[in-house]
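Asks: Let me give you the structure first, and then I'll get to my questions.
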């Protein structure tokens, strides 16, 4: 175990400068084919992820927010190569994830892990917890056999589980504890990058706070990088350094958390933020209520994808797709409203 | 040997004894309920305050399971005034839903029984005590005078019937004299009321053709079809996106005023409560720990649990380094302690807390809390804020 943690700290010491990107995603696309007709030919495609580009610095957290069906989870999974991309590239530590052979990919997987949303269905009911956490460790021969048990115990302790939990089965645990098991399972491989796919949405408020705190402490201890996918904006604001707002498969706005929350530029971001319920009965806000629901990703609107629901829609929005525009301090927005400036 | 160390372990002999005992109790209650011709005098009563739609008075709903009695609702009292929204908050398993199911008499019988207390429902001319009301009378009340909107719009609609048929059903059931055309007209009217633009088209659609937000609108249309006096909304927006949630909440607020009914809103989201509710009831482990107007609860939360709940939720625009989390977990519902249920998780517990469950203390005419801290405070002018430390006090200032 010592060896492994040392490896990580070595890696971080080597490149302490600020431009150390652990992940570079450029023009990533994922289309799911729609089969139809008598011969089962492809008749269309669901554009789940359509041209997403961003970079992620080591040791930081990027929050990915958006409505359900906007492609947040697909982005996370395509980055991990859990599903194959259609186009684009994903550079992890400078290496293209998609150019790796099967064997190289296996080793790479220990460096990037995922925590799933639902702790009730993502744990095998037939395996004891110690086995769930340790399975991959043994598979990859990360620690010598003699140290294996101690290693699992120490991981469990780090994640707030007791060592006697090792022989129990998932059904004996509450939702919060199951999520801790999921986190322990991901961290047992000593990853550098973890995709958290809505890790707290299925949990109660008070348990949610425990898990968020745990994720934050672990990040500090192990210098982890998170891609935090969530639809809960208050949680994302709390945990993230940068935020990407997704709409219908594309990123419409990215930037520092503080910038985006203080000054949301894209009309969709503004509407999204104004919809957050605030625990203050006196607060009266000008709420922007979006009409209708998100269009089908199989047949997205032409031009700006948001123009069908946008209150600032102009003529050019309907035909020309807006380009990404840097508004300073890495705050990038895709909207025609900022073309002239 | 391993199992004997486990405090939750029960021998099969013990289980048999418990289940026999349970059957004795439940069959007695069931017998009483299933009598034919129950006289009206048994279930008609009068409201304490005729302005209220519902009065919960010391309600106890228990589940008789083979490993012991689960006191899901253990002495809950609160009122829902006419035309107001009452929000019920609490963590999962605290008895929010069972409280509302008791009101609808939908608790799973015979295991689940309301064993004590009164639920008075004001249906206009008559006032019913729901606990004793026979099923045949309940059927005229359910859907007609009170209706429920469920959490999962995906599963609460029948996938094999068209939307129109499902809304028609409830209109027809409660208005048997209506002609077919009138029923359809009423349904289309309801669909338009909940903001469905293409109401004629949606009338002929199946649930799978609609999005989650649209389905929840249909559920609301079904709920409101008979202009009920009370709408029970059980986590109506939990399964929906933030933007859709805003739409639905907005819709519920405007509809409430339009048909002048009351809403009982059950949720665990404090933000939703703050936006919707006039009165707030905070529940913990089957009991009401604090209740008051929304202003009182959010400006001066008094029970340590309410305070903990508020501090553990991240709030947009307020950065904290580490979120507060309430230590420990909810006690086992079968063996509830005889002292304050929150004592083991409470950071402010004192010697007095070892005594029996604290009584209700009035902080203002509408604000009530069950905590020993306030008994002392009442006696000695003690202030909660001093003991909460600077963080708690400054947080409250920020809010104001």
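Residue numbers (our numbering), protein chains in the order written: chain Z, 6 to 346; chain S, 56 to 455. Cβ atoms here follow ideal geometry from the backbone N, Cα and C, with glycine treated the same way.
Out of S:184, S:65 and S:214, state which residue places its alpha-carbon closest to the alpha-carbon of residue 108 of chain S.
Replies: Of S:184, S:65 and S:214, the residue nearest in Cα terms is S:184.
Asks: In angstroms with no decimal places, state the Cα-to-Cα distance between residue 186 of chain Z and residue 193 of chain Z.
Replies: Approximately 10 Å, taken between the alpha carbons.
Asks: Is it the case that the segment 198-208 of chain Z contacts the segment 230-237 of chain Z, given that we only count it when at least three CB pairs across the two stretches are under 8 Å?
Replies: Yes: the two stretches touch, three or more of their Cβ pairs being nearer than 8 Å.
Asks: I'd like to know whether the C-beta of residue 330 of chain Z is nearer than 7 Å to at least one C-beta of chain S.
Replies: Not an interface residue.
Asks: Along the segment 287-300 of chain S, what residues have a CB closer than 8 Å to any CB found in chain Z?
Replies: Against chain Z - using a Cβ distance shorter than 8 Å - the residues of the segment 287-300 of chain S are 296, 297, 298, 299 and 300.
Asks: Who are residue 247 of chain Z's beta bridge partners in DSSP?
Replies: Z:67 and Z:261, per the DSSP bridge assignment.
Asks: Could you name the residues of chain Z that residue 370 of chain S contacts, counting a contact when the two beta carbons are closer than 8 Å?
Replies: Going along chain Z in sequence order, the residues near residue 370 of chain S (Cβ under 8 Å) are 239, 283 and 284.
Asks: With residue 273 of chain Z as the anchor, note down where its alpha helix (DSSP H) starts and where it stops.
Replies: Counting along the chain, the alpha helix (DSSP H) containing residue 273 of chain Z begins and ends at 272-279.
Asks: Do residue 131 of chain S and residue 154 of chain S count as a contact pair if the criterion is CB distance below 7 Å?
Replies: Closer than 7 Å, so yes.
Asks: For the structure I just gave you, are there three or more beta carbon pairs, one from the segment 97-108 of chain S and one from the segment 298-309 of chain S, closer than 8 Å?
Replies: These segments do not touch.
Asks: Counting Cβ pairs closer than 8 Å, one from the segment 105-123 of chain Z and one from the segment 258-274 of chain Z, do we hit at least three?
Replies: With the cut-off at 8 Å, the segment 105-123 of chain Z and the segment 258-274 of chain Z do not touch.
Asks: Can you tell me which of Z:208, Z:179 and Z:34 puts its alpha carbon nearest to the alpha carbon of residue 76 of chain Z?
Replies: When only C-alpha atoms are compared, the closest one is Z:34.
Asks: Per DSSP, what kind of secondary structure is residue 205 of chain Z in: helix, strand or coil?
Replies: Coil.
Asks: Could you list the residues in the segment 181-211 of chain Z with a C-beta less than 7 Å from some C-beta on chain S, going in chain order?
Replies: Listed in sequence order: 209, 210 and 211.
Asks: From residue 343 of chain S to residue 242 of chain S, what does the alpha carbon distance come to, in whole angstroms?
Replies: Roughly 38 Å separates the two Cα atoms.
Asks: Answer with buried or exposed for residue 43 of chain Z, where buried requires no fewer than 16 other C-beta atoms within 10 angstroms of its C-beta.
Replies: That one is exposed.
Asks: Tell me, to the nearest whole angstrom, how far the beta carbon of residue 150 of chain S is from that of residue 128 of chain S; I am working on the premise that it is less than 8 Å.
Replies: The pair is a contact, with the Cβ atoms about 5 Å apart (cut-off 8 Å).
Asks: Grab the span of the alpha helix (DSSP H) containing residue 381 of chain S for me, first residue to last.
Replies: No alpha helix (DSSP H) contains residue 381 of chain S, which DSSP labels as neither H nor E.
Asks: Do we get a CB-CB distance below 7 Å when we pair residue 280 of chain Z with the residues of chain S?
Replies: Interface residue, yes.
Asks: Helix or strand or just coil, what does DSSP make of residue 65 of chain S?
Replies: The answer is coil: DSSP assigns residue 65 of chain S none of H, G, I, E or B.
Asks: What are the start and end residues of the beta strand (DSSP E) that includes residue 37 of chain Z?
Replies: Its beta strand (DSSP E) spans residues 26-41.
Asks: Alpha carbon to alpha carbon, what distance is there between residue 339 of chain S and residue 98 of chain S?
Replies: Each residue's Cα considered, the two are about 30 Å apart.
Asks: Is it a yes or a no for the segment 138-148 of chain S touching the segment 323-336 of chain S, going by three-plus beta-carbon pairs under 8 Å?
Replies: With the cut-off at 8 Å, the segment 138-148 of chain S and the segment 323-336 of chain S touch.
Asks: Output, in sequence order along the chain, the residues in the segment 305-338 of chain S whose CB is closer than 7 Å to any CB in chain Z.
Replies: Here the close residues are 305, 323, 324, 325, 326, 327, 329 and 330.
Asks: If you reduce the DSSP assignment to three classes, tell me which class residue 16 of chain Z lands in.
Replies: Reliability fails at residue 16 of chain Z, whose pLDDT of 45 lies under 50, so the model's placement of it is uncertain and no value is given.
Asks: How do the segment 274-291 of chain Z and the segment 107-120 of chain Z stand: do at least 3 beta-carbon pairs fall below 8 Å, yes or no?
Replies: Cβ pair count under 8 Å is below three, so no.
Asks: Going by DSSP, what residue range makes up the beta strand (DSSP E) through residue 107 of chain Z?
Replies: Note, residue 107 of chain Z: premise wrong, no beta strand (DSSP E); alpha helix (DSSP H) at 107-114.
Asks: Among Z:164, Z:173 and Z:70, which has the Cα closest to the Cα of residue 217 of chain Z?
Replies: Per the Cα distances, Z:164.
Asks: Which class does residue 1 of chain Z belong to by DSSP, given the choice of helix, strand or coil?
Replies: No information on residue 1 of chain Z is available, as it lies outside the stretch 6 to 346 that chain Z covers here.
Asks: Rounded to whole angstroms, how far is the Cβ of residue 159 of chain S from the Cβ of residue 287 of chain S, which I believe are closer than 8 Å?
Replies: 7 Å between Cβ atoms; contact.
Asks: So for residue 409 of chain S, helix, strand or coil by DSSP?
Replies: Correct three-state label for residue 409 of chain S: helix.
Asks: What residue does the alpha helix (DSSP H) around residue 141 of chain Z start on, and which one ends it?
Replies: Counting along the chain, the alpha helix (DSSP H) containing residue 141 of chain Z begins and ends at 134-144.
Asks: As a quick exercise: from Z:320, Z:284, Z:340 and Z:253, pick the residue whose alpha carbon is nearest that of residue 298 of chain Z.
Replies: Answer by Cα proximity: Z:253.
Asks: For the alpha helix (DSSP H) holding residue 228 of chain S, just list the boundary residues, first then last.
Replies: Note, residue 228 of chain S: alpha helix (DSSP H), 218-229.
Asks: Taking only the alpha-carbon atoms, compute the straight-line gap between residue 460 of chain S and residue 416 of chain S and give it to the nearest angstrom.
Replies: Nothing can be reported for residue 460 of chain S, as the shown portion of chain S is limited to 56 through 455.
Asks: What are the start and end residues of each continuous beta strand (DSSP E) run of 3 or more residues lying completely inside the segment 67-104 of chain Z, in chain order?
Replies: Counting only runs of 3 or more, we get 92-97.
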